[in-house]
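In this text, residue positions in the sequence shown follow the numbering used here: the first is 666, and each later residue adds one. Below is one structure, written out as C-alpha cells; the observations come after it.
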Amino acid sequence: MHDTVNPPLIPFRAQRCLLSVPAIKPILFDKALASESDCIMLDCEDSVADADKSRARRNVINALSAIDWDDRGKSVVVRVNAIDTHHMYRDVVSIVEQAGKAIHSIMLPKANTSADIYMLEKLLQQIESQCGLIRPIGIEAIIESAESVQNLASIASASQRLQALHFGAGDFAASCGARTVNIGGLNEDFPGDPWHPVMQAIVLACRANGLRPIDSAYGDFKDKKGFLLAAKRAAALGFSGKWAIHPDQIPLVNQVMTPTREEVDAAKAVIEAMNRAESNGMGATRIGGKMVDIASIKMAKNIVELDQFIRSH
Ligand code: GLV
Ligand code: MG
Numbered sequence: 666m667h668d669t670v671n672p673p674l675i676p677f678r679a680q681r682c683l684l685s686v687p688a689i690k691p692i693l694f695d696k697a698l699a700s701e702s703d704c705i706m707l708d709c710e711d712s713v714a715d716a717d718k719s720r721a722r723r724n725v726i727n728a729l730s731a732i733d734w735d736d737r738g739k740s741v742v743v744r745v746n747a748i749d750t751h752h753m754y755r756d757v758v759s760i761v762e763q764a765g766k767a768i769h770s771i772m773l774p775k776a777n778t779s780a781d782i783y784m785l786e787k788l789l790q791q792i793e794s795q796c797g798l799i800r801p802i803g804i805e806a807i808i809e810s811a812e813s814v815q816n817l818a819s820i821a822s823a824s825q826r827l828q829a830l831h832f833g834a835g836d837f838a839a840s841c842g843a844r845t846v847n848i849g850g851l852n853e854d855f856p857g858d859p860w861h862p863v864m865q866a867i868v869l870a871c872r873a874n875g876l877r878p879i880d881s882a883y884g885d886f887k888d889k890k891g892f893l894l895a896a897k898r899a900a901a902l903g904f905s906g907k908w909a910i911h912p913d914q915i916p917l918v919n920q921v922m923t924p925t926r927e928e929v930d931a932a933k934a935v936i937e938a939m940n941r942a943e944s945n946g947m948g949a950t951r952i953g954g955k956m957v958d959i960a961s962i963k964m965a966k967n968i969v970e971l972d973q974f975i976r977s978h
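Below, the structure is given as C-alpha cells:
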C-alpha cells in the first residue's frame, strides 16, 4: 500500500524535545530557534483559531523560506490540521509547494486509521513530484483517540515515511470521556498514571516498526516537578522524547531524555562484565550484587548507543 521512498528520508536526528510553537505567533520563532530544543513543531492545528488558519499557513511559509532551520540545528515539523477539517488539504498543498524543501516532516494530528496516513503520503508524493522536491518529507502521526489506539499496529506500519508516533494526551482524554480538563499529567482520582496503557501501546507499536515514540504535552507549565516526573515515566517506558509547550520545559526534557554519565558508565560496566563472563563460557554473571545476563547487554547497549547518537547529532 505504501510508496517507496527513494532517495531516502533525511537520517534520524535526536528528537528529545519537540517544542510546539503556534504558527500564529511568529514572534516566538526566533526564540524557538535560539532554544535548546532538538525539534521545532510549527503548529497550524489546535493552537490556532479557525479564523486564523490561513494567516498561520502564511507565517509558516514565510518562516521556512526566510530561515534555514536545518542549518541552525533544528528539525522542523509542521503540524497541519486533521483530515476531518477543510483546512488539511490546503495546509499540505500550500506549505509543501511553497516551502517543502525546508520541512523534515508533516505531523498529522488525529490519525485514526492507516488510510489517514496513506492520504497524506499520496498528497506528499504528488506535490514532491510536481515541484521537483528531491528530499522526501517524513510523516509523524499523533495517536490521540480511542479509534487510533484500536488501529495502532496498522497505523505504525502504514508508510515508509512514518518516523514517529506522538501521544496526544489532551485529545485522547477527550475522546475517551476521561473526567479531566488537564492536558497530560496525573489525576488525583486515579491511583497511578491514567495514560500508562496507551503510552505502553505506543512504545510497542513504535519499537516494532522502527519509529520514535514521543510523549505528550503537559499543559500545566508552571508545575515543573510534575512535568519532570511525567518525562521520567515516559523515558522509563521507552519514549525517546517529549513535547514542550513552554521554554521552561525544554531543559527538563533534555535532562531526562539524555542518559546521564552515571547511567552510561553503569551500562558500559555491564557490557564489560558480560564480555568477561562470555569469554569464560558463562551466559550470566553478577555486578553490584545483581544478576546480569545476555538481555542485560542489549539494555546496556541501548543506553550507550543512545548516548553516542545524541553526542554525534
Ligand atoms: C495534543 O495534540 C494533545 O491533544 O494533547
Ligand atoms: Mg491534540
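Glycine included, every Cβ here is placed at the ideal spot set by N, Cα and C. In this text, all values refer to a predicted model and were calculated from it rather than measured experimentally.
task: Indicate, with yes or no, if the ligand GLV has a heavy atom lying under 7 Å from the CB of residue 962.
output: Numbered from 1 along the sequence shown, position 297 holds the residue referred to as residue 962. The ligand GLV never approaches residue 962 closely enough for any of its heavy atoms to be under 7 Å from the residue's Cβ.
field: Reduced DSSP secondary structure (H/G/I, E/B, other) of residue 951
entry: Counted from its first residue, the sequence shown places residue 951 at position 286. Correct three-state label for residue 951: strand.
message: To test your reading of the DSSP string, which unbroken beta strand (DSSP E) runs of 3 or more residues are found completely within the region 812-845?
response: 827-832
Own chain partners of residue 895 with C-beta closer than 7 Å, once the 5 adjacent residues on each side are dropped: For the purposes of this step, residue 895 is taken as the residue at position 230 of the sequence shown. Only 849, 850 and 883 meet the Cβ criterion.
query: Should residue 949 and residue 938 be called a contact, given that it needs their Cβ atoms to be closer than 8 Å?
result: For the purposes of this step, residue 949 is identified with residue 284 of the sequence shown, where counting begins at 1. For the purposes of this step, residue 938 is identified with residue 273 of the sequence shown, where counting begins at 1. Taking 8 Å as the Cβ cut-off, residue 949 and residue 938 do not qualify as a contacting pair.
task: Considering only heavy atoms of the ligand MG, list every residue whose Cβ is less than 5 Å from one of them, following chain order.
output: The answer, residue by residue, is 809, 833 and 836.
- prompt: Thinking just about the alpha-carbon of each residue, which of 724, 880, 681 and 788 is nearest to the one in residue 740?
  reply: Here the question's residue 740 lines up with position 75 in the sequence shown. That would be 681, whose Cα lies nearest to the Cα of residue 740.
message: the ligand GLV and residue 880: does any heavy atom of the ligand fall closer than 7 Å to the residue's C-beta?
response: For the purposes of this step, residue 880 is taken as the residue at position 215 of the sequence shown. No - the ligand GLV has no heavy atom lying nearer than 7 Å to the Cβ of residue 880.
message: Tell me the DSSP secondary structure of residue 907 in three-state form.
response: Against the sequence shown, residue 907 aligns to sequence position 242. Three-state result, residue 907: strand.
field: 4-residue-minimum alpha helix (DSSP H) runs that sit fully inside the region 704-753, ordered along the chain
entry: 718-731
- prompt: What residues are listed by DSSP as bridge partners for residue 682?
  reply: Residue numbering aside, residue 682 sits at position 17 when the sequence shown is read from its first letter. Residue 682 pairs with 907.
Three-way DSSP call (helix, strand, coil) for residue 884 in this model: By one-based count along the sequence shown, residue 884 stands at place 219. Coil, per DSSP.
Residue closest to residue 775, alpha-carbon to alpha-carbon, out of 763, 737, 815 and 846: Residue 775 sits at position 110 when you count from the first residue of the sequence shown. Among 763, 737, 815 and 846, the Cα nearest to that of residue 775 is on 815.
- request: Pull up the CB-CB distance for residue 747 and residue 691, whole angstroms please, since I reckon it's below 8 Å.
  value: In the sequence shown, residue 747 corresponds to position 82, counting from 1. In the sequence shown, residue 691 corresponds to position 26, counting from 1. Incorrect: roughly 23 Å between the Cβ atoms, too far for contact.
- prompt: The beta strand (DSSP E) spanning residue 773 covers which residue range?
  reply: For this step, residue 773 is matched to residue 108 along the sequence shown. Residues 770-773.
message: Helix, strand or coil, according to DSSP, for residue 695 in the structure here?
response: Start at 1 with the first residue of the sequence shown, and residue 695 comes out as number 30. DSSP places residue 695 in helix when its eight states are reduced to three.
query: Mind checking whether residue 844 and residue 674 have CB atoms under 8 Å apart?
result: On the sequence shown, position 179 is the one that residue 844 refers to. On the sequence shown, position 9 is the one that residue 674 refers to. Not closer than 8 Å, so no.
- request: Please classify residue 862: is it buried, with 16 or more other beta-carbons within 10 angstroms of its beta-carbon, or exposed?
  value: Here residue 862 refers to the residue found at position 197 when the sequence shown is read from its first residue. Its Cβ having fewer than 16 others within 10 Å, residue 862 is exposed.
task: Would you check if there are 3 or more beta carbon pairs closer than 8 Å linking the region 695-704 to the region 908-919?
output: yes
message: Given 7 Å as the limit, tell me if residue 807 has its C-beta closer than that to any heavy atom belonging to the ligand GLV.
response: Against the sequence shown, residue 807 aligns to sequence position 142. The answer is yes for residue 807.
Cα-Cα separation between residue 940 and residue 785, rounded to whole angstroms: Along the sequence shown, one-based indexing puts residue 940 at 275. Along the sequence shown, one-based indexing puts residue 785 at 120. Using only the alpha carbons, I get a separation of about 47 Å.
query: Of the choices 961, 910 and 813, whose alpha-carbon is the least far from that of residue 935?
result: Counting from one through the sequence shown, the residue named residue 935 turns up at place 270. Selected option, being the one with the closest Cα: 961.
message: Could you check whether the region 924-935 touches the region 904-914, counting it as contact only if at least three pairs of C-beta atoms, one from each stretch, sit closer than 8 Å?
response: As far as the Cβ criterion goes, the region 924-935 does not touch the region 904-914, which means the pair count is below three.
message: Here's a check: name, in chain order, each residue in its chain whose Cβ is nearer than 7 Å to the Cβ of residue 968, leaving out the five neighbours to either side.
response: Taking the first residue of the sequence shown as 1, we reach residue 968 at position 303. These residues qualify, in order along the chain: 924, 928, 929 and 932.
- request: Mind checking which residues open and close the beta strand (DSSP E) that includes residue 804?
  value: In the sequence shown, residue 804 corresponds to position 139, counting from 1. Its beta strand (DSSP E) spans residues 803-808.
query: Just how far apart, CA to CA, sit residue 773 and residue 869?
result: Translated into positions along the sequence shown, residue 773 becomes position 108. Translated into positions along the sequence shown, residue 869 becomes position 204. So the two alpha carbons sit approximately 20 Å from each other.
- prompt: Taking contact to mean at least 3 C-beta pairs separated by less than 8 Å, is the region 823-837 in contact with the region 793-808?
  reply: yes
Residues near residue 749 by beta carbon distance below 8 Å, same chain, minus five either side: The residue you call residue 749 lines up with position 84 of the sequence shown. Excluding five sequence positions before and after residue 749, the CB atoms of its chain that fall closer than 8 Å to its own CB belong to 775, given in chain order.
query: For the region 849-896, which segments carrying the alpha helix (DSSP H) assignment without a break, of at least 4 residues, lie completely within its bounds, in sequence order?
result: Fully enclosed alpha helix (DSSP H) runs of 4 or longer: 861-874.
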